[in-house]
Structure formats: C-alpha cells, structure tokens
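Residue numbering for the sequence shown follows numbering that gives the first Met the number 0, starting at 0 and increasing by one per position.
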Amino acid sequence: MLVTNHVLSGAVIGAAVRRPLPAFAIGVASHFALDSLPHWGEWESESHFLRVAVADGLTGLAAMGIVTRAVLRTPAAGRTKLAASVVLGMAGAALPDLDKPAHIIFKRKLWPDAVNRFHSRIQDEAPHRFVSHELVAATGFALSAAALIKRRGARA
Ligand SMILES: [Zn+2]
C-alpha cells in the first residue's frame, strides 16, 4: 500500500486512540494489516517502482506536514495528547516502509531479513488498483482523520 495511505491511516489511529505510545504501536501493526489487504502494486520495472515510490514518499511527507499543522491548530492541541498521538500514529504507520529509502539512499537495511521477508510475503498487489483501492482508501482515511481531529481537538 502507498506510504501516503499508511500516513493517513496512522493519523486516524492517533486521533482515535489519543495516547501517543499506543498510537505508535497500533500504527506499526496497522502497516502490516493494510499491506496484507488488496492494493496497488506489481511494477513493470525498477524505474517504474522508483517513480511511484518517490512521488508517494513526497506525498506522504506532505500529508504528515498538513496533518501535523492541522492538529496543532486545534483549540485543544495544547491541553491534550492529541497532537503527539496523531504524529506518533503517522510515524508508526509509515515506519516499516522506511527500509526501502534507507537501502537506496544509505545502502543500509533498517530491519532484520526476517521482517523484510514477512513484509514482502504479505503483500497482495495488482497493477489495476490505483483508483479502486488506493484513491478510495486515501479519501476515506483523509476524511476520517479530518473529522476525528476536528472533534477531538475542539475545546471541551
Ligand atoms: Zn509496507
């Protein structure tokens, strides 16, 4: 699944849980759960994969920035653990995919081989699922995150 969708689902988790460390742990677990569901993938070539991965990585980073800014601007942000929970939920949900850029940029593997084998074995990918799966998921996660952050961040 696109890392952008992991980021947005992590925002939903963080806003729902409102406890930073559980949000991080559930975010990590959610990554593997979402990767095991049908999603877009099976690239034609390494360069096709890289084009998608770079665009997705930048979109995911932008999503993290937009969500973080939104949660920090809520009236309750300073009084609750909402912001830390949302940020750590997003970080945990994106974390398993950091192995790929780390390997490309720093030639280092972040996770043990067993984790990487498990991560690649659970993927359920097909090339025709961008709109039907990734865009639908992105819309659902973004709307849910926005609604939850607005409600949880309102001054009580
Ligand atoms: Zn993944």
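Just so it is clear, CB atoms sit at the ideal spot from N, CA and C, and this is done for glycine as well.
Please read these numbers as outputs of a predicted model, since none were measured by experiment.
For ligand 1, residues qualifying as neighbours are His30, Asp34, Pro95, Asp96 and His118, where qualification means a beta carbon closer than 6 Å to at least one of its heavy atoms (chain order). DSSP places Asp112 inside the alpha helix (DSSP H), whose first and last residues are Asp112 to Arg120. Less than 8 Å separates the beta-carbon of Gly9 from that of Ala92. Excluding sequence positions up to five before and after Lys108, its CB lies within less than 8 Å of the CB of Asp98, Ala101, His102 and Asn115, all in the same chain and listed in chain order. Ala144 places its beta carbon 8 Å or farther from that of Ser84. Below 8 Å, enough C-beta pairs join the region 115 to 133 and the region 24 to 43 to call them touching: three or more.
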